[in-house]
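Under our numbering, the first residue of the sequence shown is numbered 105, with each subsequent residue one higher. Input: a single structure, listed below in structure tokens.
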Amino acid sequence: MGMNVGSGGGEESGEVMVDINTTPLIDVMLVLLIMFIITIPIQTHAVKMNMPVPNNAAPPPVPPTIIRIDLDFDGTIGWNGEIIPDRATLESRLQQVAAEPDQPEVHLRPNKLVTYKYVAMVMASAQRLGVTKIGIVGNEQFLN
Numbered sequence: 105m106g107m108n109v110g111s112g113g114g115e116e117s118g119e120v121m122v123d124i125n126t127t128p129l130i131d132v133m134l135v136l137l138i139m140f141i142i143t144i145p146i147q148t149h150a151v152k153m154n155m156p157v158p159n160n161a162a163p164p165p166v167p168p169t170i171i172r173i174d175l176d177f178d179g180t181i182g183w184n185g186e187i188i189p190d191r192a193t194l195e196s197r198l199q200q201v202a203a204e205p206d207q208p209e210v211h212l213r214p215n216k217l218v219t220y221k222y223v224a225m226v227m228a229s230a231q232r233l234g235v236t237k238i239g240i241v242g243n244e245q246f247l248n
């Protein structure tokens, strides 16, 4: 590339030079290319995990027994479809569940209109008595 230095008068002295100096653009492009090349190994980093080997000799696990506790909008408690009259009966049944060596799963299914105090009461009783496998099911009704 040549550089046009003023000749001290003549035809070209009055014209404006319109050529773009591309040297800084090329420098920036090369710096960005080097940064991109350096960051590629970070993006393709993989975590090695030792996955368990399946044991075909082991029997399939037994599906857990499920206890369904239903809470109606007025606080009525159902135990596998049977109405529980009071909190003491609920706690005695939860105590029996907690005493089993392999606890069954307790599925708490509250109604969409039930107040939170009834849900909290059942969950607090279950936690206090030692029930460890408890979960709230039917959350799709609360989406709308």
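Here a beta-carbon is modelled for each residue, glycine too, at the ideal position from N, C-alpha and C. Here the structure is a predicted model, which is why all the values come from computation and not from measurement.
Annotation for Val210: no alpha helix (DSSP H) segment contains it, though the beta strand (DSSP E) segment containing it runs 209 to 214. Taken through DSSP and simplified to helix, strand or coil, Glu244 comes out as helix. Taking 7 Å as the cut-off, the Cβ atoms of Ile171 and Val223 do not count as close. Short of 6 Å from the beta carbon of Gly182, and not among the five residues preceding or following it, lie these beta carbons of its own chain, in chain order: Asp174.
Counting the other CB atoms within 10 Å of its CB gives Ala203 a total below 16, which places it among the exposed residues. For the 7 Å CB-CB criterion, Ile187 and Leu212 do not form a contact.
At a Cβ-Cβ threshold of 7 Å, Phe177 and Val226 do not count as neighbours.
DSSP, reduced to helix, strand and coil, places Asp123 outside both helices and strands of the structure shown, so it counts as coil. Counting the other Cβ atoms within 10 Å of the Cβ of Arg232 gives fewer than 16, which makes it exposed.
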